[in-house]
Structure formats: structure tokens, C-alpha cells
Amino acid sequence: MDSILVTGNGPLNGQIPIAGAKNACLTLMPATLLSDEPLTLTNAPRLSDIRTMTMLLQSLGAEVSTMAEGQVLALSSHGTVTPHADYDIVRKMRASNLVLGPLLARLGHAVVSLPGGCAIGARPMDIHITALEALGAEIELKDGYLHATTQGGLKGGVHEMRFASVGATENFVMAATLAKGTSVLKNAAREPEIVDLVHCLRKMGAQIEGEGTSEITIQGVDRLGGATHAVVTDRIELGTYMLAPAICGGKVELLGGRRALLSAFCDKLEEAGVEIAETDAGLVVAHKTGRVRAVDVVTEPYPGFPTDLQAQMMALMCTAEGTASLEETIFENRFMHAPELTRMGAQIEVQGGTAKVTGVERLKGARVMATDLRASVSLILAGLAAEGETTVSRVYHLDRGYEQVVRKFAGVGAKVERIKED
Ligand code: EPZ
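Position in the sequence shown (first residue = 1) + 59 = our numbering.
Quick look at the structure:
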């Protein structure tokens with residue numbers, strides 16, 4: 060398994076291009092199952108999760124090909140689509156559950172493996188199930204698979220989710236586009252990736268209103284056509300790289316970044332003393348050398364502070380002046396980066412869903428281990444500011460969500476290299 064070697068190297072300067080959003084692309088791709096016409100996605104990120112979704116869709120009978128070095132995905136499911144999403148693929152990536160809604164809409168039945176837990180939590184499917192049952196689906200669990208059927212196809216329905224689940228919102232909206240009648244989803248998630256999905260579905264002929272609010276209304280149609288759609292900028296990759304000049308000092312322009320994608324996160328960074336300016340090309344983040352101020356963070360569904368940036372923000376707080384409290388309210392086990400940061404000299408006390416971080420003058424390089432996608436990059440950020448060398452092992456986690464990470468960090472002056480290990 061490869062590792063990444065990071066050597067603290069002072070302030071960073073230059074530009075970093077931000078890719079298309081992994082979490083938008085992972086819900087846009089299954090939308091091809093809703094139509095027998097071609098769906099073309101541009102600005103697609105080159106990530107292992109995208110390759111996993113490609114394999115899953117191909118296993119269901121869809122055609123998926125990549126062009127422009129992987130930045131363009133050509134999808135089509137004009138042929139026979141089969142309903143069985145196998146455990147061997149689904150267990151690799153929870154987002155595989157996003158084929159459930161489209162399969163039900165296209166075929167009237169689906170057999171989708173439960174994803175199983177993952178490092179950051181149990182991640183059940185109850186909210187997806189009750190949401191799709193509100194559209195007339197009958198879903199039962201057998202041998203680790205969800206067996207979903209409908210009598211005579213999906214019918215429009217009104218449903219209020221107990222929690223604003225991102226994936227359940229996406230499954231409900233995709234299924235409802237072809238249901239008979241009108242559907243209303245209340246307490247819907249509001250993430251920009253959901254807004255991007257709706258923009259694409261609308262190009263395919265769907266009739267949807269309210270995306271980005273907590274109430275989405277969908278008028279079912281008989282069929283959907285094809286579309287060409289550019290994947291929205293990845294706000295989590297954006298926020299991750301914004302933290303690099305914050306933790307090392309310097310000035311970096313994040314190309315393609317827009318403040319509107321990350322306003323709560325930007326407010327917190329400015330509260331910590333980091334300067335953020337929006338230009339035509341993106342976001343410029345600057346911090347004179349020296350420590351930022353400690354700030355308190357509570358993760359919330361969008362538009363609150365994103366849980367997917369909690370680990371990265373913790374790395375910054377490890378070197379801040381003062382004590383910060385980071386409360387994780389979305390997942391039950393998303394502090395696995397804390398013991399690894401402690402190995403670098405960080406002072407972190409985890410109690411239940413809250414981590415108290417007392418900043419230190421300087422972290423010390425160490426051998427650390429990535430435990431999940433976002434934790435892996437928080438360790439790299441810590442290594443950028445640490446004295447000496449940090450080796451982050453198990454970087455396959457990183458490849459799931461960050462394309463060309465060495466090149467992007469090195470491009471602004473960071474000393475980062477990938478160590479190939481067989
Ligand atoms: C999406 O996951 C993202 N993944 C996650 O990003 C992100 O952390 C999460 O939303 C929250 O923002 C993709 O978009 C592919 P949820 P999702 O359903 O849809 C519980 C990353 O790093 N829950 O909003 O799975 C669940 O256990 C990944 O890119 C139920 O209890 O998130 C969790 O505690 C990590 N029952 C909370 O809700 C359900 O049926 C949020 O889950 C569904 C969810």
C-alpha cells in the first residue's frame with residue numbers, strides 16, 4: 060500500500076484547480092438508469108469512487124465510457140437493465156445505494172445489497188426505505204439485500220424524513236421523477252450536490268421545484284431524455300485546500316471555488332483570522348505566518364459546517380492559539396484522525412461527540428495511518444505545518460476522494476511525494 064511523505068516546508072503560494080464534486084458525480088451517474096437516452100457528464104473527477112460506480116452501473120447493464128482523461132463520462136442504459144446490485148461492489152462504497160431509487164423507477168423492482176457499516180459509522184438505510192415506501196415501494200431485507208418491489212409502478216406521495224439524509228433525498232427525488240402523480244419531500248437535504256442533481260434531471264425533462272430548500276416537489280413524467288451536464292465544483296475538496304495556506308501561511312488561489320458553496324466554513328476560517336477573497340477565477344485564501352485563533356465548530360446538514368471538513372478543520376485547530384471545541388453531530392465515529400494527530404504532538408481530548416483541541420506551537424512529524432477518506436487528508440495538512448517528516452500510510456483512502464493530491468499540494472510549494480509500496 061502506498062504512502063505519502065510530507066515535509067513541513069513553510070508558506071505556500073500559487074494556484075490549485077478544484078475538480079468536479081465526487082458526491083455530485085456519484086448521484087448523477089445512477090441517473091442514467093432513468094432514461095434510455097445518453098447522459099454525458101463533464102468536469103467529472105478522476106477518483107476510485109467514480110470507477111467503483113462505473114463498475115456497478117456496468118454490472119446493471121448500463122454502458123459507461125470515459126473520455127478526456129476521465130473528465131468526461133458517457134453513460135447510457137438503452138439496453139436491458141438488470142435489478143441486482145451485488146454485495147461485492149456495494150460493500151466498497153456506500154454511495155452504491157443510490158441505484159435503488161433509479162432501479163425502482165425504471166424497472167419497478169430492485170435487489171440492492173446493504174452497504175454494511177464503514178469506518179465512520181453504522182450508516183443504516185432506514186430513511187431511504189421509508190422515503191421510497193412513501194412512493195409505493197415494498198421493501199424487505201433478506202440475506203443482507205434490500206428487495207424492493209412495486210405493484211404497478213411508483214406512485215407520487217408526500218413524505219417527511221426524520222433526518223435530512225443526503226442519499227435518501229437523492230433516491231427519493233430520482234425515483235419520484237417517473238412516479239405517477241405529484242410527490243413532496245419534506246425535511247429534504249439542501250446540499251449543493253442535490254441542487255446539481257436536480258439541474259441535471261431538469262435537463263432530462265424532469266419537473267422538479269424547491270431544490271436547495273427543505274421541501275422539494277416533483278411532478279412525475281412518463282419518460283426522461285438524455286442530457287449533457289457539467290458536474291458542480293467539489294466544495295469539500297475546495298475547503299480542504301483552503302486550509303493549506305491557513306495552516307502553513309502564504310497565499311493560494313483555489314480555481315473554480317465559490318464562497319456560496321461553503322459560506323459557513325468560510326465564516327469560521329475568517330473568525331480564525333484567515334483572509335478570504337472571491338475573484339472571477341475562484342477563492343484566494345491568505346494567512347500571514349503565525350498561528351490562527353481557535354474557533355468552535357458544530358457540524359450540521361447544509362448550509363451548516365460540513366461534517367466532511369471536520370477532520371481537516373481539526374488539523375488547523377491543532378496549531379491554533381487557544382482551545383477549540385469540535386462537535387460532530389452527523390456521524391457517530393468520525394474522530395479516528397484524533398489519535399493519529401496526537402502522535403504528532405496534538406493535544407486533543409475526545410468525549411463522546413465532542414473533541415477539545417488545545418493548539419500547540421508546532422506539531423512534530425511522525426508516521427501516521429489514514430483511517431478514512433477525510434481523515435487521510437487532515438493528516439497531510441498537519442504534516443505540511445509540522446517540523447520534520449510525516450509519513451501517511453494507507454493512502455488508498457485518499458484516492459477515493461482527492462485526484463492528483465501530490466501534484467496539487469506540490470504545485471503551491473509543499474514538499475509532498477507519494478512512496479510506492481508493493
Ligand atoms: C453523504 O453521505 C456524503 N456521501 C457523505 O460524504 C457526507 O458525509 C454525508 O452525506 C453527510 O453530509 C455522498 O454524497 C456519496 P446521510 P450519506 O444519509 O448520503 C444517518 C465523504 O466523505 N442515516 O446524510 O450516506 C447516517 O448514518 C462522504 O465524501 C441513517 O441513520 O449521508 C449518518 O449518521 C462521507 N439512516 C447521517 O444519517 C439512513 O437511512 C447522515 O447520513 C441514512 C442515513
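We put the beta carbon where it would ideally sit given N, CA and C, even for glycine. Nothing here was measured: the structure is a model prediction, and the numbers come from that model.
Taking 7 angstroms as the line, does the beta carbon of Arg433 fall inside it for any heavy atom of the ligand SAH?
In terms of ligand content, the structure shown lacks the ligand SAH and carries the ligand EPZ instead.
I need the DSSP call for Thr413, collapsed to helix, strand or coil.
Within the sequence shown, residue 413 is the residue found at index 354, counting from 1. Correct three-state label for Thr413: strand.
Ile335 - partner residues in DSSP beta bridges
The sequence position of residue 335 within the sequence shown is 276, counting from 1. Beta-bridge pairing links Ile335 to Val344.
Cβ-heavy atom distance, Ser437 to the ligand EPZ, below 7 angstroms:
If you number the sequence shown from 1, residue 437 lands on position 378. The answer is no for Ser437.
Return yes when the Cβ of Met301 is within less than 8 angstroms of the Cβ of Val344, no when it is not.
On the sequence shown, position 285 is the one that residue 344 refers to. On the sequence shown, position 242 is the one that residue 301 refers to. Taking 8 angstroms as the Cβ cut-off, Val344 and Met301 qualify as a contacting pair.
Rounded Cβ spacing between Asp108 and Val454 (contact assumed at less than 8 angstroms):
For the purposes of this step, residue 108 is taken as the residue at position 49 of the sequence shown. For the purposes of this step, residue 454 is taken as the residue at position 395 of the sequence shown. Actually they do not touch by this definition, with Cβ atoms about 14 angstroms apart.
Strictly by DSSP, which residues pair up with Leu314?
Locating residue 314 in the sequence shown gives position 255, counting from the first residue. When beta bridges are read from the DSSP output, Leu314 appears opposite Pro76 and Gly341.
Bridge partners for Gly446 per DSSP, in chain order?
In the sequence shown, residue 446 corresponds to position 387, counting from 1. It is worth fixing the name first, because residue 446 is Glu in this sequence and not Gly. BP columns for Glu446 point to Lys423.
On the three-pair Cβ rule with 8 angstroms, is the stretch 355–365 touching the stretch 242–252?
Contact between the stretch 355–365 and the stretch 242–252 is present, because at least three Cβ pairs lie under 8 angstroms.
Boundaries (first-last residue) of the alpha helix (DSSP H) holding Met220
Start at 1 with the first residue of the sequence shown, and residue 220 comes out as number 161. From DSSP, Met220 is part of no alpha helix (DSSP H); its letter is neither H nor E.
Using the three-state DSSP reduction, which class does Ile63 fall into: helix, strand or coil?
Mapped onto the sequence shown, residue 63 falls at position 4. In the structure shown, Ile63 sits in a strand (DSSP, three-state: E or B).
Pull up the distance between the alpha-carbon of Leu116 and that of Gln410, whole angstroms please.
Looking up residue 116 in the sequence shown gives position 57. Looking up residue 410 in the sequence shown gives position 351. About 41 angstroms.
Could you tell me the alpha carbon to alpha carbon distance between Lys239 and Ser224, rounded to whole angstroms?
On the sequence shown, position 180 is the one that residue 239 refers to. On the sequence shown, position 165 is the one that residue 224 refers to. So the two alpha carbons sit approximately 24 angstroms from each other.
In the stretch 345–400, which residue ranges form an unbroken alpha helix (DSSP H) of at least 4 residues, counting only runs that do not cross its ends?
Correct list: 369–376.
I'd like the list of long-range same chain contacts for Val217, defined as Cβ closer than 6 angstroms, with 5 residues on each side in sequence excluded.
Taking the first residue of the sequence shown as 1, we reach residue 217 at position 158. Cβ neighbours of Val217 beyond the five flanking positions: Val243.
Would you say the beta carbon of Arg153 comes nearer than 7 angstroms to a heavy atom of the ligand EPZ?
Taking the first residue of the sequence shown as 1, we reach residue 153 at position 94. Taking 7 angstroms as the cut-off, one finds at least one heavy atom of the ligand EPZ near enough to the beta carbon of Arg153.
Using only the heavy atoms of the ligand EPZ, determine whether one of them is closer than 7 angstroms to the beta carbon of His483.
What the structure shows of the chain is the stretch from 60 to 481, and residue 483 is not part of that stretch, so it cannot be assessed.
Run through the DSSP bridge pairs and tell me what Arg477 is partnered with.
Numbered from 1 along the sequence shown, position 418 holds the residue referred to as residue 477. Its beta-bridge partners are Ile63.
Would you report the Cα separation of Leu87 and Arg466, rounded to the nearest angstrom?
Looking up residue 87 in the sequence shown gives position 28. Looking up residue 466 in the sequence shown gives position 407. Taking the straight line from one Cα to the other gives about 27 angstroms.
Compare the beta carbon distance of Leu443 and Ile306 with 8 angstroms and say whether it is the shorter of the two.
Within the sequence shown, numbered from 1, the residue matching residue 443 stands at position 384. Within the sequence shown, numbered from 1, the residue matching residue 306 stands at position 247. Their beta carbons are under 8 angstroms apart, which means Leu443 touches Ile306 by this criterion.
Around the C-beta of Gln371, are 16 or more other C-beta atoms found within 10 angstroms, so that it is buried, or is it exposed?
Position 312 of the sequence shown, counting from 1, holds the residue named residue 371. Gln371 is buried by the Cβ-count criterion.
Kindly list the residues whose CB is nearer than 6 angstroms to the CB of Glu420, restricted to its own chain and excluding five residues on each side of it in sequence; keep chain order.
Here residue 420 corresponds to residue number 361 of the sequence shown, with the count starting at 1. Correct list: empty, nothing qualifies.
So, for Phe394: in the same chain, excluding its five sequence neighbours on each side, which residues have a beta-carbon less than 6 angstroms away from its beta-carbon?
Here residue 394 corresponds to residue number 335 of the sequence shown, with the count starting at 1. Contacts found: Val409 and Ala414.
What does the alpha-carbon distance come out to for the pair Ile198 and Glu330?
As a first step, residue 198 must be located in the sequence shown, where it is residue number 139. As a first step, residue 330 must be located in the sequence shown, where it is residue number 271. In this structure, the alpha-carbon of Ile198 lies about 47 angstroms from that of Glu330.
Label His456 either buried or exposed according to how many other C-beta atoms from any shown protein chain fall within 10 Å of its C-beta, with 16 as the threshold for buried.
By one-based count along the sequence shown, residue 456 stands at place 397. His456 should be labelled buried.
Assuming the contact rule is C-beta atoms closer than 8 angstroms, Leu157 and Glu229 should be a hit. Round their C-beta distance to whole Å, please.
For the purposes of this step, residue 157 is taken as residue 98 along the sequence shown, with counting starting at 1. For the purposes of this step, residue 229 is taken as residue 170 along the sequence shown, with counting starting at 1. 6 angstroms between Cβ atoms; contact.
Expected contact under 8 angstroms - CB spacing of Thr490 and Thr287 to nearest Å
Outside the displayed range of the chain (60 to 481) lies residue 490, so it cannot be described from this structure.
DSSP beta-bridge partners of Ser172:
Position 113 of the sequence shown, counting from 1, holds the residue named residue 172. Paired residues: Tyr204.
Contiguous beta strand (DSSP E) assignments of at least 3 residues, all confined to the stretch 109–194
Positions of the beta strand (DSSP E) runs, each at least 3 residues long and wholly inside the stretch 109–194, are given as 122–126, 131–135 and 168–172 in order along the chain.
Quick one: what's Gln406 bridged to in DSSP?
Sequence index remark: in the sequence shown, residue 406 carries index 347 (1-based). Partner(s): Thr417.
Could you give the DSSP three-state label for Ser242: helix, strand or coil?
In the sequence shown, residue 242 corresponds to position 183, counting from 1. Strand, per DSSP.
Same chain only: Cβ atoms within 6 angstroms of His137, ignoring 5 sequence neighbours per side:
In the sequence shown, the residue the question calls residue 137 occupies position 78. Closer than 6 angstroms at Cβ, skipping near neighbours: Asp95.
Val232 versus Asn72 - alpha carbon distance
Taking the sequence shown and counting its residues from 1, one reaches residue 232 at position 173. Taking the sequence shown and counting its residues from 1, one reaches residue 72 at position 13. It is roughly 42 angstroms from the alpha-carbon of Val232 to the alpha-carbon of Asn72.
Can you give me the Cβ contacts of Thr91 inside the same chain, cut-off strictly under 6 angstroms, excluding the 5 residues immediately before and after it?
Taking the first residue of the sequence shown as 1, we reach residue 91 at position 32. Excluding sequence positions up to five before and after Thr91, its CB lies within less than 6 angstroms of the CB of Leu98, Ala121, Leu134 and Ser136, all in the same chain and listed in chain order.
Starting from the Cα of Val471, find the closest Cα among Lys310, Pro161, Val171 and Arg282 and give me that residue.
Reading the sequence shown from its first residue, position 412 is the one you call residue 471. Closest option to Val471, Cα to Cα, is Lys310.
Give the secondary structure of Thr272 by DSSP, where H, G and I count as helix, E and B as strand, and everything else as coil.
Indexing the sequence shown from 1 puts residue 272 at position 213. In the displayed model, Thr272 falls within coil according to three-state DSSP, outside both helix and strand.
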